[in-house]
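Inspection log for the structure reproduced underneath, given as structure tokens.
Residue numbers (my numbering): 108 to 341.
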């Protein structure tokens, strides 16, 4: 039996632990959570994650210790496997700062930009004020990343860390959020660098690909499927 059991789905947050585990070459078990069946809200899953969101992991080698929230999961895995988290105290702190930056800013802002355009608008609830607010804020955050990456290969210490793992699947989904990265050449170079990492790209197909996030495939079909999941919101 493998140590780590991952409960996840193909979303920017859901891919984070998979990227880590694939990059670290750690074997794991996976349970794909079906949003259409609202499995993330079922009683048994809520025992693992009281917020009813993905991802969640269970570490069988640690008395079935449960970790939810994607950033906390990355931090836990980094310390467990001694991977993708610098040992130098300052570099470690910077890595955690950029991890928190993603969790507190990039994820929430881009998530709302996606929601109001790809879901609410498609369900007849278009709100131009909200769309402008979240798209503009997301662009501002992309500009911060671009400036930070001027003389860096990765976000911290020129090595691939959990800060990159957390930020990449969100920043890479700029298309889905309709956020322009025009003229953000350093950000684009960073995205290209991670696009070339085979393990990370392999992770984006687990538990299944959702290439529409990245502007590929049957975008309109996936957009409609995604919007249907939120019909109860309107």
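Beta carbons are placed, not taken as given, at the ideal position from N, Cα and C, and that holds for glycine.
inquiry  = Tell me the residue span of the beta strand (DSSP E) that contains residue 272.
reply    = As a working mapping, residue 272 is identified with position 165 in the chain shown. No beta strand (DSSP E) holds residue 272; the alpha helix (DSSP H) holding it covers 269-278.
task = Taking all protein chains shown into account, decide if residue 130 is buried (16 or more other Cβ within 10 angstroms of its Cβ) or exposed.
result = The count along the chain shown starts at 1 and reaches residue 130 at position 23. Counting Cβ neighbours within 10 Å, residue 130 comes out buried, since at least 16 surround it.
ask   = Under 8 Å, do residue 125 and residue 310 count as touching if we go by C-beta distance?
value = Taking the first residue of the chain shown as position 1, residue 125 is located at position 18. Taking the first residue of the chain shown as position 1, residue 310 is located at position 203. Yes, the pair counts as a contact, with Cβ atoms nearer than the cut-off.
key: Distance between residue 183 and residue 155 (C-alpha atoms, nearest Å)   = Within the chain shown, the letter at position 48 stands for residue 155. Within the chain shown, the letter at position 76 stands for residue 183. Their Cα atoms are separated by approximately 16 Å.
key: residue 201 versus 246, 263, 148 and 336, residue with shortest Cα-Cα distance   = Residue numbering aside, residue 201 sits at position 94 when the chain shown is read from its first letter. Comparing Cα positions, the closest option is 263.
Residue 221 beta carbon less than 8 Å from that of residue 284 = Position 177 of the chain shown holds residue 284. Position 114 of the chain shown holds residue 221. Their beta carbons are under 8 Å apart, which means residue 284 touches residue 221 by this criterion.
task = In angstroms with no decimal places, state the Cα-to-Cα distance between residue 295 and residue 287.
result = As a working mapping, residue 295 is identified with position 188 in the chain shown. As a working mapping, residue 287 is identified with position 180 in the chain shown. Each residue's alpha carbon lies about 11 Å from the other.
ask   = Leaving out the 5 sequence neighbours to the left and right, which residues in its chain are closer than 8 Å to residue 325 when beta-carbon positions are compared?
value = As a position in the chain shown, residue 325 is number 218, starting the count at 1. Excluding sequence neighbours, residue 325 sits near 319.
message = Looking only at its chain, what residues have a beta carbon closer than 6 Å to the beta carbon of residue 203, apart from the 5 residues adjacent to it on each side?
response = Residue mapping note: residue 203 aligns to position 96 of the chain shown, counting from 1. The answer is none, since no qualifying residue turns up.
query = Counting only runs that start and end within the region 208-287, where is the alpha helix (DSSP H) found for 4 or more residues in a row?
reply = 214-221, 235-255 and 269-278
request  = Please confirm whether residue 216 and residue 248 have their CB atoms less than 8 Å apart.
outcome  = What you label residue 216 is simply residue 109 of the chain shown in a count that begins at 1. What you label residue 248 is simply residue 141 of the chain shown in a count that begins at 1. Yes, they are a contact pair.
query = In three-state DSSP terms, what is residue 175?
reply = Residue mapping note: residue 175 aligns to position 68 of the chain shown, counting from 1. Here residue 175 sits in strand by DSSP.
ask   = Run through DSSP, which three-state label would residue 136 get?
value = Along the chain shown, one-based indexing puts residue 136 at 29. Residue state, collapsed to three classes: strand.
inquiry  = Let's test the definition: count the other Cβ atoms within 10 Å of the Cβ of residue 231 and tell me whether it reaches 16, buried, or not, exposed.
reply    = Counting from 1 along the chain shown, the entry for residue 231 is found at position 124. Flag for residue 231 reads exposed.
task = Just the C-alpha distance for residue 277 and residue 170, rounded to the nearest angstrom, thanks.
result = Locating residue 277 in the chain shown gives position 170, counting from the first residue. Locating residue 170 in the chain shown gives position 63, counting from the first residue. Cα-Cα distance, rounded: 32 Å.
inquiry  = Output needed for residue 256: all residues of its chain with C-beta closer than 8 Å, excluding positions within five of it in sequence on either side, in chain order.
reply    = On the chain shown, residue 256 is found 149 positions in, with the first residue counted as 1. Cβ neighbours of residue 256 beyond the five flanking positions: 262, 293, 294, 296 and 297.
query = What does residue 350 pair with, by DSSP beta-bridge criteria?
reply = With the chain covering only 108 through 341, there is no way to say anything about residue 350.
request  = Out of 322, 163 and 150, state which residue places its alpha-carbon closest to the alpha-carbon of residue 138.
outcome  = Taking the first residue of the chain shown as 1, we reach residue 138 at position 31. Here the closest residue by C-alpha is 163.
task = Spell out the partners DSSP gives residue 112 in its beta bridges.
result = Locating residue 112 in the chain shown gives position 5, where the first residue counts as 1. Partner(s): 136 and 165.
query = According to DSSP, is residue 119 helix, strand or coil?
reply = The residue you call residue 119 lines up with position 12 of the chain shown. Note: residue 119 maps to coil in three-state DSSP.
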